[in-house]
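Following: one structure in structure tokens, then a few remarks.
Residue numbers (the working numbering): 3 to 532.
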């Protein structure tokens, strides 16, 4: 029997019955097996179509669920042998000391900050116990609000009576001056200038920061008029925050009153959020000097000099841009290179623009992808005791009444050396999607990844046999016709060649050439004489 040629082998490879008999897809061999169409074969075909439809429905459902990008939040408490101590920012509630104000300060800042008319400057100075402006007083040509708060604000050298961290003494050199909406404030363990951050290896009182402060009530400004920002309380405002975010102490700070020792027990919380499309967090640093256009987004290109992204930092940058665009200046606590607003600009434009912006909630700041915050529990006791009042009065050369009205103690520590990890996780990842598709594929159609490769290989065979073979046969058909004509000419002339007998060879040429014309071809045959 003649062995099959290449074309027959290709036809067999592209035959659906041959493929069905060897494919690992369950049920395909029962549908395309040899023989005529029977009820059994029809039932197998219906079963395969139903299984395939169910499989495709399940795959579409899983892909649709994956594209919704769900996430879940996990809360876990973790142990640590060492924790970084937070930054602690504190401000005296009174922004300016009465003994440091001058007639020039009242001329420039009196109407904006204190609501004073020019005619009220002299009575106000008398109320401060200061001499009035001398005759022929001429105000300075310019005025700097930041310099006013640096010069007239409460200094830590005067307020800080005692300081210790983990039992070791500390002082004003461990604090960094910073401007907020409450004036000049001070931050402990800020990490500014590349300073090494302090850590602790134990929890409880005595293993954190303990400071004794004098609020200096005698330096508080008198209430001359009831204004929007008039403060009636006494004490300090404190905010505990991470080093990566600026303090927003006027909104997030808690108060500490004189005459009390306040204990603040902290627990560190590390938050991790997912970026889009699973979440809405951002880690792009913001530049306060970047001026977005009407169609620009809040996030500018990140710069190496920008601080790490934080929620409070984003809000502060957003407010800075808005005030700078509306007023052409920035408030003293705002970052950036814009000039500081004058007292009149501060009152007439900056405060109005900032309040309007906060009412509209125009700053859409996403959560940072990684942040640290501190949960707090506060408790307090009265100080000083009668016995301690006499000792403190002698130690600081003050009266017992002054100690009771002005001195406070703040003790900040970790409750324990553990922290809470709040982490957003993808609820449905690509590996889970592939696993579900593979499970559905095996359950409904009994296929695997290799089955898909088998189907692709079969499609390649069909393409090669049916499509490429069609064009290959059309290309070869003219050559076959000319070859057949040539073979017919050869056969007709070979029949006319006589048989030569063997005998002595005459001296003739080694061969003779016979030329004949066959149809439209001229063919030359070489006949060799034997």
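The beta carbon of each residue, even a glycine, is placed where N, CA and C say it ideally should be.
- By the Cβ neighbour-count rule, residue 119 is exposed, with fewer than 16 other Cβ atoms within 10 Å of its own.
- Residue 432 and residue 266 have their C-alpha atoms roughly 45 Å apart.
- The DSSP-derived three-state label of residue 34 is coil.
- By the neighbour-count definition (other C-beta atoms within 10 Å, threshold 16), residue 381 is an exposed residue.
- The Cβ atoms of residue 29 and residue 447 sit closer than 9 Å to each other.
- Excluding residues up to 5 positions away in sequence, 334, 335 lie with their Cβ nearer than 6 Å to the Cβ of residue 181 in the same chain.
- Ranked by Cα distance from residue 330, the options 320, 337, 341, 321 are led by 341.
- The residue from 459, 278, 450 with its alpha-carbon nearest to that of residue 370 is 278.
- The three-state secondary structure of residue 28, taken from DSSP, is coil.
- Per the C-alpha coordinates, the member of 376, 403, 155 positioned closest to residue 385 is 403.
- Between the stretch 68 to 77 and the stretch 124 to 133, the count of Cβ pairs shorter than 8 Å is below three; the stretches do not touch.
- A Cβ-Cβ distance of about 12 Å is found for the pair residue 248 and residue 193, leaving them out of contact under the 8 Å criterion.
- In this structure the stretch 166 to 177 does not touch the stretch 58 to 67; the number of beta carbon pairs closer than 8 Å is below three.
- Within 10 angstroms of the beta-carbon of residue 325 lie 16 or more other beta-carbons, which makes it buried.
- For residue 72, there is no enclosing alpha helix (DSSP H), as DSSP marks it with neither H nor E.
- In chain order, 29, 30, 33, 447 place their CB closer than 8 Å to the CB of residue 50, counting only its own chain and leaving out the 5 sequence neighbours on each side.
- Here residue 110 is buried, its C-beta having at least 16 other C-beta atoms within 10 Å.
- Here residue 269 carries a strand assignment [DSSP, helix/strand/coil].
- Secondary structure note for residue 311: it is in no beta strand (DSSP E), with a DSSP letter that is neither H nor E.
- For residue 189, the CB contacts under 6 Å within the same chain, skipping 5 residues up- and downstream, are 89, 91, 178, 180 in chain order.
- Residue 223 and residue 102 do not touch by the CB rule: their CB atoms are close to 11 Å apart, not below 8 Å.
- If you ignore the 5 residues before and after residue 60, its C-beta comes within less than 7 Å of the C-beta of 442, all in its own chain and listed in chain order.
- Annotation: residue 174 to residue 135 spans about 34 Å, alpha carbon to alpha carbon.
- Our two residues, residue 463 and residue 479, have alpha carbons roughly 22 Å apart in a direct line.
- Taking C-alpha positions only, residue 413 is separated from residue 234 by approximately 25 Å.
- Residue environment analysis places residue 137 among the exposed positions, since fewer than 16 neighbouring C-beta atoms fall within 10 angstroms of its C-beta.
- Within a 10 Å sphere around the beta-carbon of residue 239 sit 16 or more other beta-carbons, which makes this residue buried.
- In the three-state scheme derived from DSSP, where H, G and I count as helix and E and B as strand, residue 366 is classed as coil.
- Judged by DSSP in its simplified three-state form, residue 428 adopts strand.
- If the five residues before and after residue 251 are omitted, its C-beta is found closer than 7 Å to the C-beta atoms of 91, 93, 182, 184, 187, 239, 241, all from its own chain and listed in chain order.
- Of the residues assessed, residue 214 falls on the buried side of the cut-off, its CB having 16 or more other CB atoms within 10 angstroms.
- Cα atoms of residue 379 and residue 155: separation of roughly 30 Å, rounded to the nearest angstrom.
- The residues 313, 316, 317, in chain order, have a CB closer than 6 Å to that of residue 367 in the same chain once the five nearest residues on each side in sequence are set aside.
- In the DSSP assignment, residue 147 falls within the unbroken alpha helix (DSSP H) covering 147 to 154.
- Cβ contact annotation for residue 390 (same chain, cutoff 8 Å, sequence separation greater than five): none.
- In terms of CA proximity to residue 58, 440 leads the group 465, 467, 477, 440.
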